[in-house]
Every structure is written in C-alpha cells, then in structure tokens.
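Some notes on the structure that comes next.
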Amino acid sequence: MIVRPKKSKFLLLIIAVLLLANVAGLFFFFNNKAYKNDHHPPFDRKMVMTKYLKEELKFNDDQMKRFD
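Right, dumping it as structure tokens:
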C-alpha cells in the first residue's frame, strides 16, 4: 500500500482544524453558561404573556381576569 505524504498531511491538517473548532465551541458554550444568570434577569413567562396580551392584543380587564 502506497501512502501519499501530501494527502495524509492535508487530512491531518483538516482534522487539527476541526478539533480546534470543537474545543473552541465547547469553551464558549460552557463559558457563557456561567455568566448567563449575571447578565439576564430570570425569564418570567407569565409577566411576558400578560404584557403581550395587554399591549399587542389589547385585552381589557375582564379578559385579563379570565386569562389568570
């Protein structure tokens, strides 16, 4: 079996680049998780839905009571 050095070097280069990309992706994924709670307030679904119903759909007080 004949191994072509140029082709194997090229494949090793591609593997190295992909490996570095994976490591960088994992770093950013886990690094951002640690700071997520510091930068964003907790998500309150009920508050967001109430605001949407009042402002966008123009629900009146009676409709809002039925929603609750």
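Here the sequence shown is numbered in the numbering used here, starting from -8 and rising by one per residue.
C-beta atoms are modelled at their ideal positions from N, C-alpha and C, and glycine is treated no differently.
* Provide the residue span of the alpha helix (DSSP H) that contains Lys49, from first to last. => Neither: Lys49 is in no alpha helix (DSSP H) and is coded neither H nor E.
* Work out the CA separation of Leu10 and Lys(-3) for me, nearest whole Å. => If you take the alpha carbons of Lys(-3) and Leu10, they lie about 20 Å apart.
* Asked: Between the C-alpha atoms of Phe19 and Asn13, what's the straight-line distance to the nearest angstrom?
  -> 10 Å
* Alpha carbon to alpha carbon, how far is Val8 from Leu44? -> 49 Å
* So which of Asp59, Lys0, Asn22 and Gln54 has the shortest CA-CA distance to Lys37? -> Asp59
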